[in-house]
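Residue numbers for the sequence shown follow the numbering used here, beginning at 872 and rising by one. Step one of this worksheet: look at the structure below.
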Amino acid sequence: MHRSQELYNFLVENSWQLTEDWYSSVEDHDPNSVYSTKDPAIIKELKEQNQDYFVRLFKIFIQEEHYFFHEFKQWSEELAKDPKHLITPLHYVIREFMKTQEIVLNYIKKFISLNKETVELEKIFFWYDLVVKTVNLSMNVFIEEYHKNTSTLLNAQQETINELSSPVIMIKEDVALLPLVGHMDTGRTKFILENTLNLCAHKGIVHLFIDLSGVAIIDTMVAQQIFNLINALKLLGVKPTLSGIRPEIAQTATNLGLSFEDIDIKFSLAQALNSIQ
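Right under this line is the structure:
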């Protein structure tokens, strides 16, 4: 029902014109969008990608449907990994998919108008549905890849933020400071625990000052993790000293039944650092 060598030939013969029609419709001034480029090499590459997309899409009119969609999905997955498109805001890419679909449907209309006597109405509806289905497949594949890429970038950024916001600062050869600043959640506290233990072991730290004066609020889970860090440091042979404990933090720890008895505590970071002498 869907196959038509005549329609396929017509579309392939006009594929470059379809591409020119598509590119002439692009109006983008956002510097973050690949479609706003003025670089002739990138423009040429965009047109070639678009034309290749058209030619592959048109194969739906000459191939078995199940075979086509399997092959087209694999090709779309590779195309979706193009870095220039992955750093372009998603709504711009979706917009161009929709424009591409519109242009293909317009050329199918031209073919129908040239072959009014031979094209059945049922077949027209079938062709339209296939184009929409194929473009939707492309968009879904791209959105999935875009999401994977975004998640990877966010995870990498979060790791960098965690590393920068929980530095172990060397004060003397075997003495270091861990200043905790900002919002503490369970995920960040877990990272700090693991990172701090590794650094202490790697750098041979025997005395670690942990300053909490830059932390406004700590919930019960985070308080428990901090005490876990203190206990783990002791097992490594590292002496922990706490400073800058706010009343609300002390109250949270007390409510949890966490004992400060065996922990060296200083009122402020200045007092803690003075004790080194």
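Every residue, glycine too, gets a C-beta built ideally from N, C-alpha and C.
Residue i, buried or exposed, once every other Cβ within 10 Å from all chains shown has been counted against 16
| i | result |
| --- | --- |
| Gln-1096 | buried |
| Tyr-938 | exposed |
| Ala-1072 | exposed |
| Pro-902 | exposed |
| Val-1003 | exposed |
| Pro-1050 | buried |
| Pro-954 | exposed |
| Thr-1112 | buried |
| Leu-985 | exposed |
| Ile-913 | exposed |
| Phe-996 | exposed |
| Leu-1106 | exposed |
| Gln-972 | buried |
| Phe-1138 | exposed |
Terminal residues of the alpha helix (DSSP H) in which residue i lies
| i | result |
| --- | --- |
| Lys-944 | 936-950 |
| Val-1093 | 1091-1106 |
| Ile-1120 | 1118-1126 |
| Lys-981 | 961-985 |
| Asp-953 | Here Asp-953 belongs to no alpha helix (DSSP H), and DSSP marks it neither H nor E. |
| Phe-881 | 876-884 |
Alpha-carbon spacing of residue i relative to residue j, whole angstroms
| i | j | result |
| --- | --- | --- |
| Gln-1029 | Asn-880 | 51 Å |
| His-962 | Phe-968 | 10 Å |
| Leu-1024 | Leu-1079 | 32 Å |
| Asn-885 | Lys-918 | 14 Å |
| Thr-1060 | Asn-1066 | 10 Å |
| Ile-1098 | Lys-1043 | It should be pointed out that residue 1098 corresponds to Phe in this sequence rather than to Ile. So the two alpha carbons sit approximately 24 Å from each other. |
| Phe-824 | Met-1010 | Residue 824 lies beyond the residue range present for the chain, which begins at 872 and ends at 1148; the question has no answer from this structure. |
| Ala-1121 | Ala-1094 | 9 Å |
| Ile-931 | Phe-943 | 9 Å |
| Asp-910 | Leu-957 | 18 Å |
| Ser-907 | Gln-920 | 16 Å |
| Leu-1104 | Ala-1027 | 27 Å |
| Lys-1074 | Thr-1021 | 34 Å |
| Ile-979 | Trp-946 | 23 Å |
| Asn-1007 | Asn-1069 | 48 Å |
| Gln-876 | Glu-1016 | 33 Å |
| Ile-983 | Ile-965 | 27 Å |
| Gly-1108 | Asp-1090 | 28 Å |
| Val-1046 | Ile-1076 | 6 Å |
| Val-990 | Val-975 | 17 Å |
| Leu-1129 | Ile-1040 | 27 Å |
| Thr-1005 | His-1018 | 20 Å |
| Asp-923 | Ser-1084 | 59 Å |
| Lys-970 | Leu-928 | 14 Å |
| Thr-890 | Thr-1031 | 42 Å |
| Val-897 | Leu-882 | 21 Å |
| Lys-1110 | Phe-1013 | 52 Å |
Span of the beta strand (DSSP E), counted from its first residue to its last, around residue i
| i | result |
| --- | --- |
| Met-1055 | Taken as a continuous stretch (DSSP letters only), Met-1055 belongs to no beta strand (DSSP E), as it is neither H nor E. |
Cross-strand partners of residue i (DSSP beta bridge)
| i | result |
| --- | --- |
| Ile-1081 | Leu-1049 and Leu-1113 |
| Asp-910 | In the DSSP output, where bridge partners are listed per residue, Asp-910 has none listed. |
| Lys-1137 | Ser-1114 |
Simplified DSSP state of residue i, which is helix, strand or coil
| i | result |
| --- | --- |
| Asp-923 | helix |
| Asp-892 | helix |
| Ile-1040 | strand |
| Ile-1147 | coil |
| Ile-995 | helix |
| Asp-1000 | helix |
| Ser-904 | coil |
| Leu-865 | In the structure as shown, the chain begins at 872 and stops at 1148. Residue 865 is therefore absent and cannot be evaluated. |
| Ser-1022 | helix |
| Ala-1072 | helix |
| Thr-1060 | helix |
| Glu-898 | coil |
| Leu-1129 | coil |
| Thr-1031 | helix |
8 Å Cβ cutoff, residue i in contact with chain D
| i | result |
| --- | --- |
| Phe-925 | Looking at the structure shown, chain D is missing, and only one protein chain is on hand. |
Cβ-heavy atom distance, residue i to the ligand FMN, below 7 Å
| i | result |
| --- | --- |
| Asn-1099 | Within the structure as shown, the ligand FMN is missing, as the structure has no ligands at all. |
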